[in-house]
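Protein chains in written order, with our numbering: chain C, 1 to 246; chain B, 1001 to 1262; chain S, 2001 to 2387. First up is the structure itself, then whatever we jot down about it.
Here is the structure:
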């Protein structure tokens, strides 16, 4: 589904991604984990075309992300913090995006809106909504048009436990329906619950990519959290690989 | 057409912003008062000239810079949809320039119609004034977009925008004054005209003054300027100059928009 | 009779020659006895492009109702439609003069009347070397209600005394709508001077009266509504100066009274050079001019009183109808433009407004004494008609 090769990105003088290679399988939940500033969000944004890679190629379903933007009609994105045009209400945003994506109103996932209890606030300007409520709108947006690929960046960070549960159920349900997820989160227990595969990012490179079982077997740890911690310690000991395996 | 959809949503958002309404009401009030005080349409148009060449650049560049910075959320949201950057850019630019222009045009035109001041002469002046006002809106919209695109810090961007306005409306004319005084013994009318092409505010002002204060400009320098800029060809050149002042900063801003990370 | 010339030769003194409709192409006609020559509508005397058409060489001659046309151009002789020289009491009325070098040419005449003639010159620059109504060295001439267009000078007076020029319309002259020199005690009233290349110029004369004339749209690098050069002790009252490059221009003109005029929409309403002394400006209206008053000197020897200035920003606390602070009508920018004309390109710019404001607060360059101490608060009710 997603194929990234040799992706470099620096913000000014600060390198963020350094020759990142990654493959994401269709119909699976891939968790991207790594310490702060390891390039997780940047990679998400490169997939969306929000950030331009300095070098390297990223393909989604065979389309290069820096060309025709139409591939984004098949992606749902939930950014880390929800930011919306000030004067619009959720319903405006939903309609607008439906319009831009050429999706019909009918294809909207009303069930999800209901389960996230967004009905009462659909016509309230987003700027007056609470942070949690905005994040729910944000979550709904990602799923709304039943995209094939979902990029969820810290999806449960600002959600209450009920909404968080609704969202996790939704992820599982959609994964089972064949959709692909790329998930980043600091809550590793949550990822352990949801992720089929794990990609470990350190200093702008993928240091491990495989199933949870493979990771645990490789590190000899029982939980994802411990396994990741182990990887981080190893990463700190070893210098980053200069030569890449292609 | 994705771009039309984008324009529509941007305009919806901008129109909800009370500033644009206030801007339109301001022109409505000023035009109404000028018509009532001045008595005749042409005189009111003449007084409006100053408002147009000063205020439109100021409001447009300040509002435009704030607007462009404030549009980041919107940009992030839209760019994660199947919307090309160029489309979004043009949509945003149109969404900036169209509501401001419409507010200006409607604000000025309503009192003229209501007070039945639109005789032949007034109508001609009004049309030229509206044209110049919209051109200045486009020019300073483009400059605002360029500033906001290059300077991420909002406050710094706003400062630069005000600086650009000040340079173009006052400081630059200081230079023109100096050149004219320093080289007063030479035939420099052509050079003066060239200098005015290098500043959109001057260009719009000279274009309007040539039509409004015909008698003043027909004497001395005026005869030369009238010959160069007063003809249909000259007006076309002036409008071309204003268009260039929109397109060139606009293209730089577009390039920055294509390269930027959201 | 078929020929006008024959009829004139046969006419008795005090008689009348009536010209039937038709085209008469004859050598120069000369009137040598006091007769009335009158044309019926459609009576056309044609100069064939080669000569003066009609000469008045006797006193008490009247020429009325004729169309005179086509003298052709000439560099060497002063051909005219109607020429009168050294005669008294001639009347030239209601004629139509078309494509003549000079239309009506009076020299050394006295008590002559030129009335209600329609004069159309060639209007193309090379052809235009003669004047419309040309009067030289004459006394008590009246020029009334004529309509002159497209000559070099529409109305030309030189060495004329006690002339009256009333109710005429003079437009699109290649040079001046009216031009007079060395003509004392003349009166100019209710004339319209429109779109003349250089406006109206009057020079070297005393005790002239300009009353209720209108000077409009005289545009150009040397165009003046009314140019006064060496004009003394004259009255300029109730005139309208509208949309001229310079409305009223005074050079070496002294002790004139400029009262109750309206200056509207001119480039410069009034330009007074330093050598114009003791002129009085009262009850004039200045509105919508790019510059109200221009001068080339910091000293001032003119008097401004009780004028209306649309630029006046003072107040009237005692409510007597006059502003409590004097008005300084000379803008700094006017001085700047005087010195460096190219700065005109800055007209209506914010910079110039700021400079003017600074100068108004702390005058340092503009004439300190050129002030209207009692500016009118309200514009006097006075209509400006359209010409």
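The beta-carbon is built from N, C-alpha and C at its ideal position, and this holds for glycine as well. Since we're looking at a predicted model, the values are computed, not measured.
Output needed for residue 1238 of chain B: all residues of its chain with C-beta closer than 7 angstroms, excluding positions within five of it in sequence on either side, in chain order.
1203, 1207 and 1229
**Item:** Chain-ordered chain C contacts of residue 1067 of chain B [CB-CB under 9 angstroms]
**Value:** Chain C residues near residue 1067 of chain B: none, gap ~11 angstroms exceeds 9 angstroms.
- Message: With a threshold of 7 angstroms on Cβ separation, who are the neighbours of residue 1071 of chain B within its own chain once the five nearest residues in sequence on each side are excluded?
- Response: 1092
Within its chain, find whatever has a CB closer than 8 angstroms to the CB of residue 245 of chain C; leave out the 5 residues flanking it on each side and keep chain order.
For residue 245 of chain C, the predicted model reports a pLDDT of 41, less than 50, meaning its position is unreliable and no value from the coordinates is stated.
Check your understanding: Does the separation of the CB atoms of residue 1169 of chain B and residue 1201 of chain B fall below 7 angstroms?
Key -> yes
Cβ neighbours of residue 1148 of chain B in the same chain (closer than 6 angstroms, five flanking residues each side left out): 1065, 1068, 1069 and 1157
- List the DSSP bridge partners of residue 2206 of chain S. S:2232
Measuring straight from C-alpha to C-alpha, what distance separates residue 2165 of chain S and residue 2144 of chain S?
6 angstroms
**Residues within the region 2340–2362 of chain S neighbouring chain B, beta-carbon criterion of under 9 angstroms** = 2340, 2341, 2342, 2343, 2344, 2345, 2346, 2347, 2348, 2349, 2350, 2351, 2352, 2353, 2354 and 2355
Once you ignore the five residues that flank residue 242 of chain C on each side, which residues in its own chain have a CB closer than 8 angstroms to its CB?
For residue 242 of chain C, the predicted model reports a pLDDT of 47, less than 50, meaning its position is unreliable and no value from the coordinates is stated.
| field | Proximal residues to residue 2074 of chain S (C-beta, below 7 angstroms), its chain only, five neighbours per side dropped | value | 2101
Checklist line | Cross-strand partners of residue 78 of chain C (DSSP beta bridge) | finding: C:152
Can a CB atom of chain B be found closer than 7 angstroms to the CB of residue 2288 of chain S? yes
Cβ closer than 9 angstroms: which chain B residues qualify as neighbours of residue 100 of chain C? 1002, 1005, 1006, 1009, 1078, 1081, 1082 and 1083
### Query
Is residue 2191 of chain S near residue 2205 of chain S, with beta carbons less than 7 angstroms apart?
no
Does any heavy atom of the ligand NAD sit closer than 6 angstroms to the C-beta of residue 1242 of chain B?
This structure simply doesn't include the ligand NAD, nor any ligand for that matter.
Q: Could you name the residues of the same chain whose beta carbon sits closer than 8 angstroms to that of residue 154 of chain C, not counting the 5 residues immediately before and after it, in chain order?
A: 80, 184, 185 and 186
Query - Neighbourhood of residue 1019 of chain B by C-beta, 7 angstroms cutoff - its chain only, sequence neighbours within 5 removed - result: 1063
With a CB to CB cut of under 7 angstroms and the five nearest residues on each side skipped, what residues in its chain are close to residue 118 of chain C? 90, 136, 137 and 140
- Quick one: what's got a C-beta closer than 6 angstroms to residue 2226 of chain S's C-beta in the same chain, skipping five residues either side? 2200, 2215 and 2248
Tell me which same chain residues have a C-beta within less than 6 angstroms of the C-beta of residue 2054 of chain S, skipping the five on either side of it? 2029 and 2082
Worksheet entry | Other residues of its chain near residue 38 of chain C: CB distance less than 8 angstroms, five sequence neighbours each side excluded | 201, 202, 203 and 204
- Could you have a look at residue 2061 of chain S and say whether DSSP puts it in helix, strand or coil? coil
Cα-Cα separation, residue 176 of chain C to residue 25 of chain C
14 angstroms
Point to revise | the region 1074–1081 of chain B touching the region 1159–1179 of chain B, judged by at least three CB pairs closer than 8 angstroms | key: no
Is the beta carbon of residue 2043 of chain S sitting closer than 7 angstroms to the one on residue 2066 of chain S?
-> yes
Assuming residue 2299 of chain S and residue 2367 of chain S make a contact with CB atoms under 8 angstroms, what is their CB distance in whole Å?
6 angstroms
If you check the beta carbons only, do residue 1160 of chain B and residue 1167 of chain B fall under 7 angstroms apart?
no
Legend entry - Classification of residue 1176 of chain B by the beta-carbon crowding that lies within 10 angstroms, buried from 16 upward: buried
Worksheet entry | Test: residue 1019 of chain B CB closer than 7 angstroms to a CB of chain S | no
Quiz prompt | Residues sharing a beta bridge with residue 2393 of chain S, DSSP | solution = Since the displayed chain S opens at 2001 and closes at 2387, residue 2393 of chain S lies outside it and no answer follows.
(message) Against residue 1154 of chain B, what residues of chain C qualify as contacts under a CB-to-CB distance less than 8 angstroms, listed in chain order?
(response) Those do not exist, as residue 1154 of chain B stays about 14 angstroms from chain C at its closest Cβ, beyond 8 angstroms.
(Q) For residue 2071 of chain S, tell me which candidate among S:2279, S:2048, S:2077 and S:2063 has the shortest Cα-Cα distance. (A) S:2048
- Task: Label residue 2020 of chain S either buried or exposed according to how many other C-beta atoms from any shown protein chain fall within 10 Å of its C-beta, with 16 as the threshold for buried.
- Result: exposed
Flag residue 2386 of chain S as yes if its beta-carbon sits less than 7 angstroms from any beta-carbon of chain B, otherwise no.
With a pLDDT of 48 at residue 2386 of chain S, under the threshold of 50, the modelled position of that residue is not reliable, and the figure given next carries that caveat. Chain B, which has no Cβ nearer than 7 angstroms to the Cβ of residue 2386 of chain S, makes this no.
ask   = What residues in the region 1155–1179 of chain B have a beta carbon less than 9 angstroms from any beta carbon of chain S?
value = 1169, 1170, 1171, 1172, 1173, 1174, 1176, 1177 and 1179
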